[in-house]
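K.L.:
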Amino acid sequence: MVDYYIKCIQEHRGENISNVGVGKKLDKWIETKKTKKEVILDIDEKNKVIKTAYLNNKEWVAGNEVHTVEGEYIRTDRNDKLSDNLGELPNCPD
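If you read the sequence shown in my numbering, its first letter stands for residue 13, the second for the next number, and so on.
(1) Looking at the structure shown, is L67 part of a helix, part of a strand, or coil, going by DSSP?
(2) How many Å lie between R87 and H24 at the Cα?
(3) Below 8 Å, can you find three or more Cβ-Cβ pairs linking the segment 63-76 to the segment 42-53?
(4) In whole angstroms, what is the alpha-carbon distance linking W72 and W41?
(5) Just to confirm the assignment, what range does the beta strand (DSSP E) spanning I18 have?
(6) If you drop the 5 nearest sequence neighbours on each side, which residues of the same chain put their C-beta closer than 7 Å to that of Y85?
(7) If you check the beta carbons only, do D56 and G83 fall under 8 Å apart?
(8) Buried or exposed: where does V32 fall if 16 or more other Cβ atoms within 10 Å of its Cβ makes it buried?
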C-alpha cells in the first residue's frame with residue numbers, strides 16, 4: 013500500500029530538491045507540500061511507502077518507489093549516487 017505520491021518538485025537553486033507536492037490519492041492533484049527532510053523521515057523512520065506519480069494522456073499513473081541515499085537524498089532509481097532524482101516530475105506551482 014502506498015502512503016502518498018510525489019507529483020511535483022521544487023528545486024533549491026536548480027540543484028537538489030527542497031520541497032515536493034504530494035497527494036494521498038493517485039487520481040487527484042497535490043494536497044499539500046512536504047520538505048525533502050519530511051519525506052526522508054517518512055521513509056527512514058516511519059517506514060512509509062512513497063511513489064512518484066505523473067500524468068499520462070490526462071490520467072495519473074503510479075511511478076517508481078522513492079528511497080533515500082545516506083539519509084540526505086531522495087531517488088527512484090537504486091543506485092547510490094549522491095544526488096536527488098525523482099525522474100521527470102514537473103516543477104510545483106508557486
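All residues carry an ideal CB built from backbone N, CA and C; glycine is no exception.
P.N.:
On the basis of the supplied data:
(1) Residue state, collapsed to three classes: strand.
(2) Near 16 Å, if we compare the C-alpha coordinates of H24 and R87.
(3) Because the criterion of three Cβ pairs below 8 Å is not met, the segment 63-76 and the segment 42-53 do not touch.
(4) 9 Å
(5) 16-24
(6) L94, S95, D96
(7) yes
(8) buried
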